[in-house]
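Colleague: Supplied in structure tokens, the structure appears directly below.
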Amino acid sequence: MPEDSQNSKPNGAAQPSPEELIARMDALLAKGREAMDRVDQFYTETGLVQGIGAKTLLGDEVPEEDRVIFARLLTELEIMEQRIAQIETAITPVARVSVSARAVGNRYRI
């Protein structure tokens, strides 16, 4: 029986059908919702809110000298995260045009 060339991979394993892909995606989304529900439950049980660490470090309970240091460290952390994102985009290699495509392009330019 001949194999369908569109539904086969080079190693012979069949690609999943669109229905199977949709079922897998639904299962993955359900797992994500369950994980977020667990995170929300954890935050509710512990009383944590996003940014509570920074608020605590910059609060009135901390001495003024320490607050200045913590403010600088938090600012540096934000700048560092932005800089890492910039470096990652700069490191991403540019897709080069293949030799055959350049040869065809050069032939038509002549």
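Numbering follows the UniProt record's numbering, in which position 17 of the sequence shown is assigned residue number 17; successive positions increment by one, without gaps. C-beta atoms are modelled at their ideal positions from N, C-alpha and C, and glycine is treated no differently.
1) So, ALA54 versus LEU28, is the Cβ gap smaller than 8 Å?
2) In terms of residues, what are the limits of the alpha helix (DSSP H) holding GLN50?
3) Applying the criterion that 16 or more other CB atoms from any shown protein chain within 10 Å of the CB defines a buried residue, is ASN7 buried or exposed?
4) DSSP state of ALA30, grouped into three classes?
5) Using DSSP with H/G/I as helix, E/B as strand and the rest coil, what is ALA13?
6) Is ASP66 helix, strand or coil by DSSP?
Modeller: The short version:
1) No, the pair does not count as a contact, with Cβ atoms beyond the cut-off.
2) Note, GLN50: premise wrong, no alpha helix (DSSP H); not H, not E.
3) Residue placement at ASN7 cannot be trusted, given a pLDDT of 49 that sits under 50; the coordinates are not used to answer.
4) DSSP places ALA30 in helix when its eight states are reduced to three.
5) ALA13 falls in the coil class under three-state DSSP.
6) Residue state, collapsed to three classes: helix.
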